[in-house]
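Visitor:
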Amino acid sequence: MNPVLRLAALSAWSRRLTLGLTLLAIVLATTLLLAVERIRVDARQSFAQSVSGVDLVVGARTGAVQLMLYAVFHSGAASNNIGWNSYQAIAGHPAVDWAVPLSLGDSHRGFAVLGTRADYFQHFRFGEHEALRFTIGGPFAGVFEAVVGSEVATRLGYAVGQEITLSHGVGGTGMGEHGDKPFRVVGILAATGTPVDRTVHVGLEAITALHLDWVGGMPIPGLNIPPQLVAKFDLRPKEITAALVGLKQRSDVFRMQRFINEFRGEPLLAVLPGVALDELWQAIGTVERTLLAISALVVVVGLAGLTATLLAGLNERRRELAILRALGAGPRELFLMLTAEGLLVTTLGALLGLALTSLGSSLAAPWLLERFGVVLGARLPGTGELELLGLVIATGLVASLIPGWRAWRMSLADGLTPRI
Amino acid sequence: MSALRITDLLFRWPRQATACLDIPRFELARGERVFLHGPSGSGKSTLLGLLGGVAVPQAGRIELLGQDLAQLRSHARDRFRADHIGFLFQQFNLLPWLSALDNVLLPCTFSTRRKQRAEPDPRTAAKRLLTQLDLVAELWPQAAAELSVGQQQRVAAARALIGQPEFLIADEPTSALDAERQQIFIDLLLRETAAVGATLIFVSHDRRLAAHFDRTVALDEINRVKPGAIS
Numbered sequence: 032m033n034p035v036l037r038l039a040a041l042s043a044w045s046r047r048l049t050l051g052l053t054l055l056a057i058v059l060a061t062t063l064l065l066a067v068e069r070i071r072v073d074a075r076q077s078f079a080q081s082v083s084g085v086d087l088v089v090g091a092r093t094g095a096v097q098l099m100l101y102a103v104f105h106s107g108a109a110s111n112n113i114g115w116n117s118y119q120a121i122a123g124h125p126a127v128d129w130a131v132p133l134s135l136g137d138s139h140r141g142f143a144v145l146g147t148r149a150d151y152f153q154h155f156r157f158g159e160h161e162a163l164r165f166t167i168g169g170p171f172a173g174v175f176e177a178v179v180g181s182e183v184a185t186r187l188g189y190a191v192g193q194e195i196t197l198s199h200g201v202g203g204t205g206m207g208e209h210g211d212k213p214f215r216v217v218g219i220l221a222a223t224g225t226p227v228d229r230t231v232h233v234g235l236e237a238i239t240a241l242h243l244d245w246v247g248g249m250p251i252p253g254l255n256i257p258p259q260l261v262a263k264f265d266l267r268p269k270e271i272t273a274a275l276v277g278l279k280q281r282s283d284v285f286r287m288q289r290f291i292n293e294f295r296g297e298p299l300l301a302v303l304p305g306v307a308l309d310e311l312w313q314a315i316g317t318v319e320r321t322l323l324a325i326s327a328l329v330v331v332v333g334l335a336g337l338t339a340t341l342l343a344g345l346n347e348r349r350r351e352l353a354i355l356r357a358l359g360a361g362p363r364e365l366f367l368m369l370t371a372e373g374l375l376v377t378t379l380g381a382l383l384g385l386a387l388t389s390l391g392s393s394l395a396a397p398w399l400l401e402r403f404g405v406v407l408g409a410r411l412p413g414t415g416e417l418e419l420l421g422l423v424i425a426t427g428l429v430a431s432l433i434p435g436w437r438a439w440r441m442s443l444a445d446g447l448t449p450r451i
Numbered sequence: 393m394s395a396l397r398i399t400d401l402l403f404r405w406p407r408q409a410t411a412c413l414d415i416p417r418f419e420l421a422r423g424e425r426v427f428l429h430g431p432s433g434s435g436k437s438t439l440l441g442l443l444g445g446v447a448v449p450q451a452g453r454i455e456l457l458g459q460d461l462a463q464l465r466s467h468a469r470d471r472f473r474a475d476h477i478g479f480l481f482q483q484f485n486l487l488p489w490l491s492a493l494d495n496v497l498l499p500c501t502f503s504t505r506r507k508q509r510a511e512p513d514p515r516t517a518a519k520r521l522l523t524q525l526d527l528v529a530e531l532w533p534q535a536a537a538e539l540s541v542g543q544q545q546r547v548a549a550a551r552a553l554i555g556q557p558e559f560l561i562a563d564e565p566t567s568a569l570d571a572e573r574q575q576i577f578i579d580l581l582l583r584e585t586a587a588v589g590a591t592l593i594f595v596s597h598d599r600r601l602a603a604h605f606d607r608t609v610a611l612d613e614i615n616r617v618k619p620g621a622i623s
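Which chain is which? The protein sequence lines are A and B, in order. Residues in the first sequence are numbered consecutively from 32, following this note's numbering. Residues in the second sequence are numbered consecutively from 393, following this note's numbering.
(1) Whose C-alpha, out of A:Val72, A:Asp244, A:Asp309, A:Ala381, is nearest the C-alpha of Gly253 of chain A?
(2) Quick one: give me the first and last residue of the alpha helix (DSSP H) that Ala360 of chain A is part of.
(3) Kindly indicate which three-state DSSP category Ile622 of chain B falls into: helix, strand or coil?
(4) With 8 Å as the limit, tell me which residues of the stretch 429-442 of chain B have their beta carbon closer than that to any beta carbon of chain C; keep them in chain order.
(5) Can you tell me whether Glu613 of chain B is buried or exposed, with buried defined as 16 or more other CB within 10 angstroms of its CB?
(6) Report yes or no: do three or more beta-carbon pairs, one from the stretch 444-452 of chain B and one from the stretch 462-475 of chain B, lie closer than 8 Å?
(7) Roughly how many angstroms lie between the CA atoms of Arg505 of chain B and Arg520 of chain B, to the nearest whole one?
(8) Can you name the residues that DSSP bridges to Ile593 of chain B?
(9) For Pro268 of chain A and Ser389 of chain A, which I take to be in contact (beta-carbon distance under 8 Å), what is that distance rounded to the nearest angstrom?
(10) Starting from the Cα of Glu236 of chain A, find the closest Cα among A:Leu374, A:Phe175, A:Ser181 and give me that residue.
(11) Assuming contact is defined by CB atoms lying nearer than 8 Å, are Arg607 of chain B and Glu419 of chain B in contact in what I supplied?
(12) For His160 of chain A, write down the residues that DSSP places opposite it in a beta bridge.
(13) Among A:Gly207, A:Tyr151, A:His199, A:Val216, which has the Cα closest to the Cα of Val179 of chain A?
(14) Does the pairing of the stretch 545-565 of chain B with the stretch 584-601 of chain B give three or more beta-carbon distances under 8 Å?
(15) Identify, in the order they occur along the chain, each residue of the same chain with its Cβ nearer than 7 Å to the Cβ of Ser117 of chain A, setting aside the five sequence neighbours on each side.
(16) With distances taken from CA atoms, which of A:Trp398, A:Met368, A:Ala396, A:Ala395 is nearest Ser442 of chain A?
(17) Using a Cβ cut-off of 9 Å, which residues of the stretch 355-375 of chain A contact any Cβ in chain B, in chain order?
(18) Could I get the ranges of all uninterrupted alpha helix (DSSP H) runs contained in the stretch 174-255 of chain A, with 4 residues as the minimum, in chain order?
(19) Does the beta carbon of Phe479 of chain B sit closer than 8 Å to a beta carbon anywhere in chain A?
(20) Whole angstroms are fine: how far does the CA of Trp489 of chain B sit from the CA of Ser42 of chain A?
(21) Determine the extent of the alpha helix (DSSP H) in which Ser326 of chain A is found, giving its start and end residues.
(22) With a threshold of 8 Å between beta carbons, is Pro412 of chain A in contact with chain B?
(23) Measuring CB to CB, does Ala60 of chain A end up less than 8 Å from Gly435 of chain A?
(24) Would Leu493 of chain B and Trp532 of chain B be called neighbours here (beta carbons separated by less than 8 Å)?
(25) At a CB-CB cut-off below 7 Å, which residues of chain B make contact with Glu351 of chain A?
(26) Taking only beta-carbon positions, decide if Thr501 of chain B is within less than 8 Å of chain A.
(27) Taking the C-alpha atoms as reference points, what is the distance between Glu194 of chain A and Gly200 of chain A?
(28) Verify the CB distance criterion: does Leu447 of chain A have a CB-CB separation below 8 Å to chain B?
(29) Roughly how many angstroms separate the alpha carbons of Leu400 of chain A and Ser45 of chain A, rounded to a whole number?
(30) So Val595 of chain B and Gly446 of chain A are in contact, right, with Cβ under 8 Å, and what is the actual spacing, rounded?
(31) Can you tell me which of A:Gly224, A:Ala324, A:Val233, A:Ile219 puts its alpha carbon nearest to the alpha carbon of Pro213 of chain A?
(32) The beta strand (DSSP E) that contains Ser134 of chain A, what's its start and end?
(33) Do Ser394 of chain B and Arg417 of chain B count as a contact pair if the criterion is CB distance below 8 Å?
(34) Which runs of the alpha helix (DSSP H), 4 residues or longer, sit entirely within the stretch 458-542 of chain B?
(35) Give me the DSSP bridge partner(s) of Ser83 of chain A.
(36) Distance cutoff 8 Å, beta carbons only. Does Ala610 of chain B sit that close to anything in chain A?
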């Protein structure tokens, strides 16, 4: 090894306490940066995979983003419903493998209520085509049975057998309770990191049943149909909010989209969920970029600390530099020595930061999924992370050039006798 | 051939109006041991820097062991210094985080020539020098910072002598020692220098130390710039 570099390493080791603290700052800054990047990428990933295995999402004509918002994220309200006839026409199309109807508009203690069919649990996919799983119980069979998502169950402390009542309207607007027709929880779904976790699922018939004695968003005064009598009515829905469509062949997707968008019966909209989710992410992506920018600043602060430490140490090391100079070291070698020290600390800090991020994310992954619905994949660092790591090291090199340059200047000015 | 020959040397620090050194002629024979004295600020350290090739004069020639330093590029001057000159400074001479023995071995890591001339091998040579300089073996592996000032100066002397450099430059090496130890150290240095046949230039502001040297030179005798004119 180059004798100067060997001495640089020994010298750095002799100042290991100060450098260790600087190293710690860089490790933490890098960890923060990489963690933000990793969560950002994975949040985007799990967002983009909120729904998968669905070829088209169909609703009344509106914006693609708005349709996704209410059909998949159960947020906001549909401007219009679609007729049951239209749904049947789509479901019966020869290219269609399956079509699951969705009916929204009610809520339970702030959580959205989704009216659908039991085959929703079979067709719905999220992430890498993962199917929904029940931690306990199973799909609803009777009219007044409900299946709740994992977050609903955890937050409200629900177990199978729990009785719940639904509210009319979304977001606790106090538009009225369906208190006369209670539901029983028959199944709880495993966590998915998607809006499913925050949803109460009931049958389509249940939605119709709830509203038998309602008209125009209001209970009909003096009319009260008790739950045991609803079976006597025709519970087939007249209209639904949206539908998820799976095709026999993916290649038919654009043909089918055009068919729906040009549907004669009423104005409909079909969107490809992946494309629409990307569009939606663009709209809310500013936050993640801000976070990344803030953590980049933290890294800059950490590296500025490194430069300050090296510069402050340089004054105390003037003797050391003069001795090395007398022994035959040139200004170039002293420059190399100081720069190498800074670069070494930065590189070590960056790599330890990477290790800490990997360790931390694998430890925190279950908790993040449980609490925030973010699926953190256990995987090798992505290209984005490696690019950031490279940037940290490159910035560290620039930061180390300053003390290196100072050492150079000092050795030229001092010669063999430092003026202290 | 002389060990050092200076002709018409003129040196001025950057950003200073007047010259610091103006030495028409100065010569040292091989093996000569010279005491150079002058008050603080008279340019002694500057002259040593020029001899080491760390600074370059604006005019004139410095021939060291027959080599005109101005002919060498800066990197080659650094090599030349490592190969041929042993340096001894005032206190804080050693790298405090290296052991005494490793400090002595430092010149051999910078200069292949010094390494080859350290016979039979650098470690043995270093141990022999330390023994000759009365430093007990228990102290060798200790970090230099843990040694007393007197011990440190002897380690520094061993470091200057290892690999038999032809030229030894000592800059106030005894200023941190008491009077009695000063004389012991100087005797030691003179003896070791003579043993390897090196040329020694010993710089101090304290004329009382001059007794045992072959020759005594006052810097203001050879330098035409008078101390008052500087700084």
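All residues carry an ideal CB built from backbone N, CA and C; glycine is no exception.
Guide: In short, the structure shows the following:
(1) Of A:Val72, A:Asp244, A:Asp309, A:Ala381, the smallest CA-CA separation from Gly253 of chain A is found for A:Asp244.
(2) In the DSSP assignment, Ala360 of chain A falls outside any alpha helix (DSSP H), carrying neither H nor E.
(3) In this prediction, Ile622 of chain B has a pLDDT of 46, which is less than 50 and means its spatial position is unreliable; what the coordinates show is noted afterwards. In the three-state DSSP reduction, Ile622 of chain B falls in the coil class, being neither helix nor strand.
(4) Of the chains in the structure shown, none is chain C; the protein chains are A and B.
(5) With fewer than 16 Cβ atoms within 10 Å of its Cβ, Glu613 of chain B is classed as exposed.
(6) yes
(7) 19 Å
(8) B:Val426, B:Ile561
(9) About 49 Å; that fails the 8 Å criterion.
(10) Nearest C-alpha to Glu236 of chain A: A:Phe175.
(11) No, the pair does not count as a contact, with Cβ atoms beyond the cut-off.
(12) The partner list for His160 of chain A (beta bridge, DSSP) is empty, contrary to what the question assumes.
(13) Taking the Cα of Val179 of chain A as reference, the smallest distance to any Cα among A:Gly207, A:Tyr151, A:His199, A:Val216 is reached at A:Val216.
(14) yes
(15) Phe294, Gly296, Glu297, Leu299
(16) A:Met368
(17) So the close ones are Leu355, Arg356, Ala357, Leu358, Gly359, Ala360, Gly361, Pro362, Arg363, Glu364.
(18) 181-187, 235-241
(19) yes
(20) 7 Å
(21) 317-347
(22) no
(23) no
(24) yes
(25) For Glu351 of chain A, the residues of chain B that pass the 7 Å Cβ criterion are Leu487, in the order they occur in the chain.
(26) yes
(27) 20 Å
(28) So yes, Leu447 of chain A belongs to the interface.
(29) 44 Å
(30) 14 Å between Cβ atoms; not a contact.
(31) For Pro213 of chain A, the closest of A:Gly224, A:Ala324, A:Val233, A:Ile219 by C-alpha to C-alpha distance is A:Val233.
(32) 127-139
(33) In this structure, Arg417 of chain B keeps its C-beta atom at 8 Å or more from the C-beta atom of Ser394 of chain B.
(34) For the stretch 458-542 of chain B, the continuous alpha helix (DSSP H) assignments of 4+ residues that do not extend past its boundaries occur at 466-476, 492-502, 504-509, 514-524, in sequence order.
(35) A:Arg156
(36) Using a Cβ-Cβ cut-off of 8 Å, Ala610 of chain B does not count as an interface residue toward chain A, since no Cβ of chain A sits closer than that to its own.
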